[in-house]
Amino acid sequence: MYILGDKSDFTDQIITLIADASIDAEQHIIGNAKEIISREPIVCLCTAADCEAIKCVIPYLNEKFPIIFIKQQWSNEELELVESTIQESLSTRKQLWLDEIKKLSSLQGRKAQKERVEKLNHWIDNTSVQYCCLSSSQIDFKNNLIKVLRRKAPIECIYHLITTVSQRPPSLHWTSLPQTDEAQITFKIAFPQSCFTRSELFELVKRISNVYRWQYQYEWSHGVLFRIEAAKIAVIKHDPETLEMSGRIDNAIMDDNSDTVPMKSVWPYLSITLTVAVEYLDELSSQYIIRIIPFGNIFYEESNALPRAFDLTQLLISNDLLERVAYRDNGILYHLNLTQLFPELKPKTIGEIGEMKAKRNNSTVKEENNSRNENVYLRLPERVHSNSCGRRVSFGTVKCIPQPSQKIELDVELDNVPNEKPTETQYEIMLDNYVDLILDETMREIRIS
Numbered sequence: 001m002y003i004l005g006d007k008s009d010f011t012d013q014i015i016t017l018i019a020d021a022s023i024d025a026e027q028h029i030i031g032n033a034k035e036i037i038s039r040e041p042i043v044c045l046c047t048a049a050d051c052e053a054i055k056c057v058i059p060y061l062n063e064k065f066p067i068i069f070i071k072q073q074w075s076n077e078e079l080e081l082v083e084s085t086i087q088e089s090l091s092t093r094k095q096l097w098l099d100e101i102k103k104l105s106s107l108q109g110r111k112a113q114k115e116r117v118e119k120l121n122h123w124i125d126n127t128s129v130q131y132c133c134l135s136s137s138q139i140d141f142k143n144n145l146i147k148v149l150r151r152k153a154p155i156e157c158i159y160h161l162i163t164t165v166s167q168r169p170p171s172l173h174w175t176s177l178p179q180t181d182e183a184q185i186t187f188k189i190a191f192p193q194s195c196f197t198r199s200e201l202f203e204l205v206k207r208i209s210n211v212y213r214w215q216y217q218y219e220w221s222h223g224v225l226f227r228i229e230a231a232k233i234a235v236i237k238h239d240p241e242t243l244e245m246s247g248r249i250d251n252a253i254m255d256d257n258s259d260t261v262p263m264k265s266v267w268p269y270l271s272i273t274l275t276v277a278v279e280y281l282d283e284l285s286s287q288y289i290i291r292i293i294p295f296g297n298i299f300y301e302e303s304n305a306l307p308r309a310f311d312l313t314q315l316l317i318s319n320d321l322l323e324r325v326a327y328r329d330n331g332i333l334y335h336l337n338l339t340q341l342f343p344e345l346k347p348k349t350i351g352e353i354g355e356m357k358a359k360r361n362n363s364t365v366k367e368e369n370n371s372r373n374e375n376v377y378l379r380l381p382e383r384v385h386s387n388s389c390g391r392r393v394s395f396g397t398v399k400c401i402p403q404p405s406q407k408i409e410l411d412v413e414l415d416n417v418p419n420e421k422p423t424e425t426q427y428e429i430m431l432d433n434y435v436d437l438i439l440d441e442t443m444r445e446i447r448i449s
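Using the UniProt record's numbering, read the sequence shown as starting at 1 and increasing by one per residue.
Laid out in structure tokens, this is it:
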């Protein structure tokens with residue numbers, strides 16, 4: 001469990017009380033909500049009814065583990081403030097889903113619309129969080145606190161395991177943005193008024209690791225990089241509210257006679273990653289938005305188009321309804337190259353994306369898992385960055401839920417939601433393909449028992 005509070009005699013008193021109660025849970029004493037890395041009960045010690053302090057822990061509210069607000073004495077006004085602050089956050093998220101349902105209502109009859117609306121309605125009808133306010137001055141305070149904490153079954157303690165993972169990302173084999181000769185598709189998952197913890201990332205990485213026989217993987221504190229032949233799959237948690245899953249391929253390391261649609265070599269593994277993630281998020285009862293971001297000129301019909309984030313459901317609907325995806329940027333009409341984006345299979349739902357799976361050569365998942373000791377798990381060396389110039393990439397976030405006054409014009413565009421105007425970022429990285437090839441071939445020969 002987490003005990004969140006400033007260092008004081010009051011904090012020490014609560015820590016001692018919980019320790020003496022012999023509750024089967026490890027204590028993590030923290031002074032900032034940003035230090036929370038796992039889903040556990042949170043004891044939030046308050047010296048005053050501070051709205052900002054309450055808002056800091058609201059993203060960690062869930063139906064499994066409670067947040068316990070403790071103050072020496074709560075007044076009725078303070079209790080109402082806590083209640084209203086939490087309900088305001090929940091109402092904001094609920095309204096977000098209601099607005100999205102309203103926007104999608106004009107697209108009835110499409111599989112992706114039905115898939116998303118069913119999920120949104122489920123979230124609206126089944127949102128449940130646990131929290132309580134206790135006054136330490138009350139006679140039955142100790143019994144009430146212990147009762148709340150013991151009501152929850154002990155959870156597997158992976159705190160130390162999480163904190164011992166490397167802090168360094170694999171900069172040798174993964175840059176923050178793809179190079180000019182690389183193609184990449186990213187799924188960006190946002191958690192409005194909520195979060196995705198490091199312990200959940202840790203579990204997600206474990207599940208993805210077990211679902212396929214990756215040639216090697218590199219795991220660090222905020223993500224994992226998998227490699228299978230020419231395809232790279234990265235799962236990265238940039239902040240508590242954002243999770244990204246990307247599939248990337250370097251055209252330079254493909255055979256000269258290889259297919260002109262490079263994502264054919266990536267989708268089988270990226271689809272597995274997305275499927276596992278969606279199943280896990282639904283298991284957690286997480287509420288989320290998925291956007292898809294194609295990086296690379298091959299994904300756009302117009303040569304001057306910049307990478308753009310699309311609401312995944314809207315993109316699938318446009319693909320299903322119009323068999324094209326178009327959008328406007330500064331009054332100019334642009335189009336996605338759907339042949340490059342979705343080679344061979346044209347998914348109509350998020351669930352159908354999972355059908356683009358890798359061939360298993362008649363081996364079962366269980367057989368693959370049993371032979372995972374043959375895989376290569378390496379800590380990749382770090383790349384030294386030079387002063388050579390890379391390409392410029394424009395990127396940012398997208399507003400996927402419009403205001404009520406906005407309308408959808410499906411005859412021309414996916415929607416007329418204002419195009420996110422990314423902040424231009426220039427990064428300078430030299431990619432030595434020859435060195436990478438030699439390293440990769442060497443790594444494939446290594447076996448670690």
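Glycine included, each C-beta is placed from N, C-alpha and C at the ideal position. If you're wondering where the values come from, they're calculated on a predicted model, not measured in any experiment.
Checklist entry - Closest Cβ-Cβ distance between residue 176 and chain D: below 8 Å? => result No chain D appears in the structure shown, which is made up of a single protein chain.
Item to check | Where residue 187 falls: helix, strand or coil (DSSP) | outcome: For the purposes of this step, residue 187 is taken as the residue at position 187 of the sequence shown. Of the three classes helix, strand and coil, the one that applies to residue 187 here is strand, per DSSP.
Checklist entry - According to the Cβ coordinates, are residue 212 and residue 146 closer than 8 Å? => result As a working mapping, residue 212 is identified with position 212 in the sequence shown. As a working mapping, residue 146 is identified with position 146 in the sequence shown. Not a contact, by the Cβ cut-off of 8 Å.
Checklist entry - Alpha carbon to alpha carbon, how far is residue 63 from residue 333? => result Working through the sequence shown from its first residue, we reach residue 63 at position 63. Working through the sequence shown from its first residue, we reach residue 333 at position 333. About 45 Å.
Checklist entry - Are the Cβ atoms of residue 30 and residue 15 separated by less than 8 Å? => result In the sequence shown, counting from the first residue as 1, residue 30 sits at position 30. In the sequence shown, counting from the first residue as 1, residue 15 sits at position 15. Between residue 30 and residue 15, the gap from beta carbon to beta carbon reaches 8 Å or more.
Checklist entry - Around the Cβ of residue 40, are there at least 16 other Cβ atoms within 10 angstroms (buried) or fewer (exposed)? => result The sequence position of residue 40 within the sequence shown is 40, counting from 1. Within a 10 Å sphere around the beta-carbon of residue 40 sit 16 or more other beta-carbons, which makes this residue buried.
Next on the checklist: I need the straight-line Cα distance from residue 382 to residue 224, nearest angstrom please.
Outcome noted: Here the question's residue 382 lines up with position 382 in the sequence shown. Here the question's residue 224 lines up with position 224 in the sequence shown. Reliability fails at residue 382, whose pLDDT of 34 lies under 50, so the model's placement of it is uncertain and the value that follows must be treated cautiously. Those two C-alpha atoms are separated by around 15 Å.
Next on the checklist: Quick check: the segment 230-248 against the segment 191-198, are at least 3 beta-carbon pairs closer than 8 Å?
Outcome noted: Here the segment 191-198 makes contact with the segment 230-248; the two share three or more CB pairs at distances below 8 Å.
Item to check | Test item: CB-CB of residue 81 and residue 101 under 8 Å | outcome: Residue mapping note: residue 81 aligns to position 81 of the sequence shown, counting from 1. Residue mapping note: residue 101 aligns to position 101 of the sequence shown, counting from 1. Contact: no.
Checklist entry - Does the Cβ of residue 21 have 16 or more other Cβ atoms within 10 Å, making it buried, or fewer, making it exposed? => result Mapped onto the sequence shown, residue 21 falls at position 21. Counting of Cβ neighbours within 10 angstroms places residue 21 among the exposed residues, the total staying below 16.
Next on the checklist: I need the boundaries of the alpha helix (DSSP H) containing residue 147, first residue and last residue.
Outcome noted: Working through the sequence shown from its first residue, we reach residue 147 at position 147. 141-150 is the span of the alpha helix (DSSP H), which, as asked, contains residue 147.
Item to check | In DSSP terms, what residue 133 is bridged to | outcome: Working through the sequence shown from its first residue, we reach residue 133 at position 133. Within the DSSP bridge table, the entry for residue 133 names 69 as partners.
Item to check | Which of helix, strand or coil DSSP assigns to residue 224 | outcome: Along the sequence shown, one-based indexing puts residue 224 at 224. Of the three classes helix, strand and coil, the one that applies to residue 224 here is strand, per DSSP.
Checklist entry - Since residue 3 and residue 27 are thought to touch, with beta carbons under 8 Å apart, how far apart are those beta carbons, to the nearest angstrom? => result Against the sequence shown, residue 3 aligns to sequence position 3. Against the sequence shown, residue 27 aligns to sequence position 27. So it is a contact: roughly 6 Å between Cβ atoms.
Next on the checklist: Can you tell me where the beta strand (DSSP E) holding residue 244 begins and where it ends?
Outcome noted: Counting from 1 along the sequence shown, the entry for residue 244 is found at position 244. Here the beta strand (DSSP E) through residue 244 covers 242-250.
Item to check | Pairwise C-alpha distance: residue 289 and residue 340 | outcome: Taking the sequence shown and counting its residues from 1, one reaches residue 340 at position 340. Taking the sequence shown and counting its residues from 1, one reaches residue 289 at position 289. If you take the alpha carbons of residue 340 and residue 289, they lie about 24 Å apart.
Next on the checklist: Whole angstroms are fine: how far does the CA of residue 71 sit from the CA of residue 317?
Outcome noted: For the purposes of this step, residue 317 is taken as residue 317 along the sequence shown, with counting starting at 1. For the purposes of this step, residue 71 is taken as residue 71 along the sequence shown, with counting starting at 1. Going by the C-alpha atoms only, they are around 50 Å apart.
Next on the checklist: Can you determine whether any heavy atom of the ligand SAM sits closer than 7 Å to the C-beta of residue 22, and answer yes or no?
Outcome noted: This structure lacks the ligand SAM; in fact it carries no ligand of any kind.
Item to check | Residue ranges of each alpha helix (DSSP H) within the segment 32-56, 4 or longer | outcome: Here no run is fully enclosed.
Next on the checklist: Quick check on DSSP: helix, strand or coil for residue 80?
Outcome noted: Within the sequence shown, numbered from 1, the residue matching residue 80 stands at position 80. Note: residue 80 maps to helix in three-state DSSP.
Checklist entry - Taking Cβ to Cβ, would you say residue 148 is nearer than 8 Å to residue 61? => result Walking along the sequence shown from the start, residue 148 turns up at place 148. Walking along the sequence shown from the start, residue 61 turns up at place 61. No, they are not a contact pair.
Checklist entry - At which residues does the beta strand (DSSP E) containing residue 236 begin and terminate? => result On the sequence shown, residue 236 is found 236 positions in, with the first residue counted as 1. Per DSSP, residue 236 belongs to the beta strand (DSSP E) from 231-239.
Checklist entry - Helix or strand or just coil, what does DSSP make of residue 217? => result Position 217 of the sequence shown, counted from the first residue, corresponds to residue 217. In the three-state reduction of the DSSP assignment, residue 217 falls in the strand class, which pools E and B.
Next on the checklist: By alpha-carbon positions, which one of 179, 33 and 43 ends up nearest to residue 12?
Outcome noted: As a position in the sequence shown, residue 12 is number 12, starting the count at 1. Considering only alpha carbons, the answer is 43.
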